[in-house]
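Below is one structure, written out as structure tokens; the observations come after it.
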Amino acid sequence: MIYSINRFHIFVLITWQFSIFFASQMIYPIFLNYIPQWRCSTNQSFSNNCTIFQSCKNSIEFDEIAFFSAALEYGWICGPSAYLPSLLSQIQFLGVLLGAITAGTLSDIFGRHSLALISLACGIIVSFCSGLVPSWKILLILRFFIGISIGGTIVVVCTYVMEMLLPQQRMALRAFFNWGIARLMMTIICYLIPEWRLASFGNAIVALPALLIVFFIFPESPAWLHSKNRLVEMRESEKKIARIAGIPYVEVEHKMVEKNKRLIDIIRQSNYARR
């Protein structure tokens, strides 16, 4: 088969695509914050003029509403609440930063499988719940936790997937399973479901295959087990992968793993300290 891809690798590639689809929640605020142009009377052209909006709030006419966003529902248009769309995006990206920093370290300690499960499960559940929020304040809080899950998914699932693919298969990963497809999937969902609460449900449901495959099919990463010198568990993980792939298991001799160095050790052993 091309790129030596077997059944197990297909599961890995599918998991990667649906994982980065979930991670493409990073661009969902574009839809949450969507505000069409408006006008005050039929004699005017549509624009984003806040003076016009404030002067005739009760009789404002919007241009075609392609997507009913949270900004429209909660009235984040001009005035004191005009900063909230930007705040929502900033809070979410703060969550992404924290998730990326913490999840990578935790996955090195506790394993790829458990952290991938936690990141995907929490993110999907919170994404679904965000469509049920009674107020914009709770929405902002949930988008922060979605951001943490996105950061964890990007760091942990990416490492997890790369450790279970051969070098030549990573080209297929980038060529056919990528961010462009993930963003296109989200755009199609928002086009077919042009309401932010229902689209939140749709995004959560479409991301489920990644969680289900990790939970029911994937073992712990053999590379991580090897790095922790848990060789018996590593062999069991390799055997499970071989069974899923439909190929006979062949035991491979692995090189001894050097002890992981901390950042402080690298600095001490290099010329950085002298500089």
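Residue numbers for the sequence shown, in this note's numbering: 101 to 375. Just so you know, even glycine gets a beta-carbon here, dropped at the ideal spot from N, CA and C.
The shortest CA-to-CA distance from Ala-216 to any of Lys-237, Ile-201, Gly-252 and Ser-227 is the one to Gly-252. Cys-258 is positioned such that its CB atom lies no closer than 8 Å to that of Leu-242. Residue environment analysis places Arg-270 among the exposed positions, since fewer than 16 neighbouring C-beta atoms fall within 10 angstroms of its C-beta. Beta-bridge analysis with DSSP links Arg-139 to Glu-161.
The three-state reading of DSSP puts Glu-336 in helix, counting H, G and I together.
Note that the C-beta distance between Ile-248 and Gly-199 is below 8 Å. In this structure, the beta-carbon distance from Phe-316 to Leu-220 does not fall below 8 Å. Ranked by Cα distance from Cys-140, the options Ala-170, Glu-161, Gly-231 and Ala-310 are led by Glu-161. Residue pairing by DSSP leaves Ser-169 without any beta bridge partner. Distances from the CA of Cys-156 to each of Glu-164, Lys-339 and Gln-144 were compared; the closest alpha carbon is that of Gln-144. Remark: C-beta atoms of Val-261 and Thr-115 approach each other more closely than 8 Å.
Relative to Thr-205, the option among Phe-193, Asn-149, Arg-343 and Val-256 whose CA is nearest is Val-256. Secondary structure of Ser-219 (DSSP, three-state): helix.
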